[in-house]
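Engineer: In my numbering, the protein residues as written are 1128 to 1182.
First the structure, which I've put down as structure tokens, then a few questions once you've had a look.
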Amino acid sequence: MMIVKDWCSYCGCCAGVCVRNCIEVKETALVFDENCNNCGFCVDACPLAALEMEE
Ligand code: SF4
Ligand code: SF4
1128 MMIVKDWCSY CGCCAGVCVR NCIEVKETAL VFDENCNNCG FCVDACPLAA LEMEE
């Protein structure tokens, strides 16, 4: 699962690249559903480096 850093701007870029469509951008929160397979595309897509893969 992903860790979202404080500096996330909720721009939605990460949600746009998720092939499983499992990131939902709520106003000041990102919601990841159980379809996440930890592929890391969203981590790489974030322009602010605000996502981190949980160990
Ligand atoms: S791409 Fe980065 S800054 Fe934008 S919503 Fe996703 S985690 Fe937040
Ligand atoms: S790790 Fe992959 S499947 Fe999970 S939210 Fe990010 S892009 Fe989607």
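Note that CB positions come from ideal geometry on N, CA and C, so glycine has one too.
1) Look up Phe1183 in the DSSP assignment and give the residues it is bridged to.
2) Count the other CB atoms, across all protein chains shown, that sit within 10 Å of the CB of Ile1130; report buried if there are 16 or more and exposed otherwise.
3) Looking only at its own chain, which residues have a Cβ that is under 8 Å from the Cβ of Cys1169, when we skip the five neighbours before and after it?
4) With a threshold of 6 Å on Cβ separation, who are the neighbours of Lys1132 within its own chain once the five nearest residues in sequence on each side are excluded?
5) So, is Cys1166 buried or exposed, given that buried needs 16 or more other C-beta atoms within 10 angstroms?
Structural biologist: Per the coordinate set shown:
1) A query on residue 1183 cannot be resolved here, the shown segment of the chain reaching from 1128 to 1182 and no further.
2) Burial check for Ile1130: the Cβ neighbour count within 10 Å stays below 16, so the residue is exposed.
3) Counting only Cβ-Cβ distances below 8 Å, and skipping sequence neighbours, we find Met1129, Cys1141, Ala1142, Val1144, Cys1145, Ile1150, Leu1178.
4) Exclusion of the five residues before and after Lys1132 leaves Ala1177 as the residues of its chain whose Cβ lies within less than 6 Å of its Cβ.
5) So Cys1166 ends up on the exposed side.
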